[in-house]
Amino acid sequence: MKIIAVGMNYPLHCKELHATEPLPEEPVIFMKPDSALLKDGKPFFIPDFCRQVDYETELVVRISRLGKNIAERFAHRYYDAVTVGIDFTARDLQRRFRSEGKPWELCKGFDNSAAIGDWIPVEQFATIQNIRFRLDIDGCKVQEGNTCDMLFPVDRIIAYVSQFCTLKIGDLLYTGTPAGVGPVTIGNHLEGYLEDRKVLDFNIR
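Residues 1 to 205, numbered by the UniProt record's numbering, are exactly what the sequence shown covers, in order.
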């Protein structure tokens with residue numbers, strides 16, 4: 001199982017973190033190792049190697065078929081469920097790595113940096129490109145988005161990624177975060193929602 005993630009896939013998020021950079025012309029892809037997965041409501045422990053860990057709430061897609069060089073018009077056949085996930089980012093490390101022109105996988109791929117919620121079959125939604133999702137922290141909404149605002153829709157991302165690496169059953173696709181990212185602190189209670197259904201619930205320690 002591999003975790004494929006998309007950066008800079010919502011215009012307003014691009015502006016909040018990369019205001020001086022143009023919008024990407026193709027999907028920005030990075031990977032997380034399987035050791036990054038945090039599931040079953042287990043707590044997230046802030047690591048001691050950074051001073052700021054930010055939440056990035058995302059729609060996550062579960063790959064259900066083996067595929068390579070998938071045509072965009074057939075991509076919908078290759079996933080079966082969606083949920084809410086959190087792409088945790090060691091933001092201070094990311095800023096330093098970027099300023100030094102170094103790869104920044106370590107600030108994204110550390111242990112437990114990919115929280116994942118409960119799966120909902122994709123057929124329960126009219127279209128994957130019009131799903132509302134949000135994150136509440138301590139009972140207050142802090143981030144929300146709709147997949148209709150993606151720069152690159154899910155099927156296009158799948159077609160793009162499958163040119164480079166074979167998609168396998170159980171692979172996870174984190175599809176990017178909207179505007180509103182921010183830091184977590186010890187004691188926070190995080191709840192993630194698809195439409196009005198809570199699918200993610202865990203604590204920060």
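Just so you know, even glycine gets a beta-carbon here, dropped at the ideal spot from N, CA and C. Please read these numbers as outputs of a predicted model, since none were measured by experiment.
With distances taken between CB atoms, is the gap from residue i to residue j smaller than 8 angstroms?
| i | j | result |
| --- | --- | --- |
| Val154 | Ile4 | no |
| Gly182 | Asp54 | yes |
| Asp111 | Ala159 | no |
| Lys32 | Gly145 | no |
| Asp34 | Glu56 | no |
| Leu151 | Pro47 | no |
Need the endpoints of the beta strand (DSSP E) that residue i sits in, please.
| i | result |
| --- | --- |
| Gln143 | 140 to 146 |
| Phe202 | 197 to 203 |
| Ala115 | 114 to 116 |
| Tyr10 | Premise fails: Tyr10 is in no beta strand (DSSP E) and is neither H nor E. |
| Asp54 | 53 to 55 |
Who are the near neighbours of residue i in its chain, counting only those whose CB is closer than 8 angstroms to its CB and skipping five residues on each side?
| i | result |
| --- | --- |
| Asn203 | Pro43, Phe44, Gly187, Asn188, His189, Leu190 |
| Leu93 | Phe49, Cys50, Trp104, Leu106, Cys107 |
| Val60 | Val82, Thr83, Val84, Gly85, Ile116, Gly117, Leu172, Leu173, Tyr174, Thr175 |
| Lys141 | Arg134, Leu135 |
| Ile169 | Ile63, Ser64, Arg65, Leu66 |
Check residue i in the structure and name its three-state DSSP category.
| i | result |
| --- | --- |
| Asp136 | strand |
| Lys168 | coil |
| Glu191 | strand |
| Leu37 | strand |
| Ala126 | coil |
| Phe44 | strand |
| Asp111 | coil |
In the DSSP assignment, what residue or residues form a beta bridge with residue i?
| i | result |
| --- | --- |
| Met31 | Ile4 |
| Arg62 | Ala81, Leu172 |
| Gly67 | Leu167 |
| Ile86 | Thr57, Ala115 |
Going by beta carbon distance, what residues of the same chain come within less than 7 angstroms of residue i, once the five residues before and after it are set aside?
| i | result |
| --- | --- |
| Tyr79 | Val61, Arg62, Ile63, Ser64, Val122 |
| Ala71 | Ala159 |
| Lys68 | Ser162, Thr166 |
Within the same chain, show all residues whose beta-carbon is closer than 6 angstroms to that of residue i, passing over the 5 residues directly before and after it, in chain order.
| i | result |
| --- | --- |
| Pro178 | Tyr10, His13, Gly145 |
| Arg91 | Gln52, Asp54 |
| Asn130 | Cys148 |
Can you tell me where the alpha helix (DSSP H) holding residue i begins and where it ends?
| i | result |
| --- | --- |
| Asp155 | 154 to 161 |
| Asp92 | 91 to 99 |
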